[in-house]
Amino acid sequence: MSISIKFFASLREQLGRDDCELAAESVHTVAEAWSQATDNAAMPGNTLMALNMEYVDADTPVSDGDEVAFFPPVTGG
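Quick note: to get the working numbering, add 148 to the position in the sequence shown (first position is 1).
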C-alpha cells in the first residue's frame, strides 16, 4: 500500500531525486505528500500538482495506489 511521488524539472534538481514512495496510510492530501516526500521543505510558489495525471489543488485527497506529481510552472514566449 503506497503512493508514488514524482518530481520534475527544476524540482527534481533541487531535491536531488526524481521519485519516491510513501506509505498510503500516512498521507491524506497532496500537500501532505509533498511535506513527507521532502522532509517538510517549503513548496516553491506556483508549483503545479497532479494526481493521476490530472491537475489538482494541494488539499486534494490521495488514496492507495495514486501517483502524485510536482513540477514547476511551464512558461514560454
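All residues carry an ideal CB built from backbone N, CA and C; glycine is no exception.
Would you kindly check if the distance between the Cβ of residue j and the Cβ of residue i is under 8 Å?
i, j, result
"Thr177", "Asp207", "yes"
"Leu170", "Ala181", "yes"
"Asp167", "Ile153", "yes"
For my contact list, residue i and residue j are in at a C-beta cut-off of 8 Å; report their separation, rounded to the angstrom.
i, j, result
"Phe219", "Leu196", "5 Å"
Helix, strand or coil: which one does DSSP assign to residue i?
i, result
"Ala190", "coil"
"Ala217", "strand"
"Ala171", "strand"
Taking C-alpha atoms, which residue in the options lies nearest to residue i?
i, options, result
"Ala172", "Pro221, Arg160, Glu215", "Glu215"
"Val222", "Asp205, Gly213, Asn194, Gln184", "Asn194"
At a Cβ threshold of 8 Å, is residue i touching chain B?
i, result
"Val210", "Going by chain labels, chain B is absent from the structure shown, which holds only one protein chain."
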